[in-house]
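When you number the sequence shown by my numbering, it's gap-free, plus one each residue, and the end is 106.
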Amino acid sequence: LEPGLISFDEGWSVCVVLASAGYPESSRNGDVIAGLDAVDSARIYHAGTKRNGKGEWETNGGRILALVARGETRAEAVTNAHAATDLVSFNGMQRRRDIGICNFED
1 LEPGLISFDE GWSVCVVLAS AGYPESSRNG DVIAGLDAVD SARIYHAGTK
51 RNGKGEWETN GGRILALVAR GETRAEAVTN AHAATDLVSF NGMQRRRDIG
101 ICNFED
């Protein structure tokens, strides 16, 4: 690897996955995803998505999106990640709301 290609930041990162209706047993496709443009405080990683004929993002699988947010503390990263996922929506969307919260001692 080239020197400087990889760098590390201090702080915390939290990733919340948004899944489609029926996941993990099955998944529903074709639900339009709204709110992606409103997310500016997290990185969005597409997984089960595709563009429809109108150019809109829609669901196409089980695990639809992963949103990763940072913070100086774990609590800040958790808050930022869940706030970012609150901006995104699609029919049947499901997510775990305990990500970054369970089994930690401050």
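Glycine residues also receive a C-beta, built at the ideal position from the N, C-alpha and C atoms.
Note that this is a predicted model, so its numbers are computed, not measured.
Item	Value
Quick check on the burial criterion: 16 or more other C-beta atoms within 10 angstroms. Buried or exposed for Ala38?	exposed
With a threshold of 8 Å on Cβ separation, who are the neighbours of Tyr23 within its own chain once the five nearest residues in sequence on each side are excluded?	Gly62, Arg63, Gln94
To the nearest whole angstrom, what separates the beta carbons of Ala47 and Leu67, a pair I think is in contact under 8 Å?	With 8 Å as the limit, Ala47 and Leu67 do not qualify as a contact, their Cβ atoms being about 11 Å apart.
Can Asp37 be considered in contact with the ligand NAP, in the sense that its beta carbon sits closer than 7 Å to one or more heavy atoms?	Summarising the ligand content, the structure contains no ligands, and the ligand NAP is consequently not present.
Helix, strand or coil, according to DSSP, for Ala42 in the structure here?	coil
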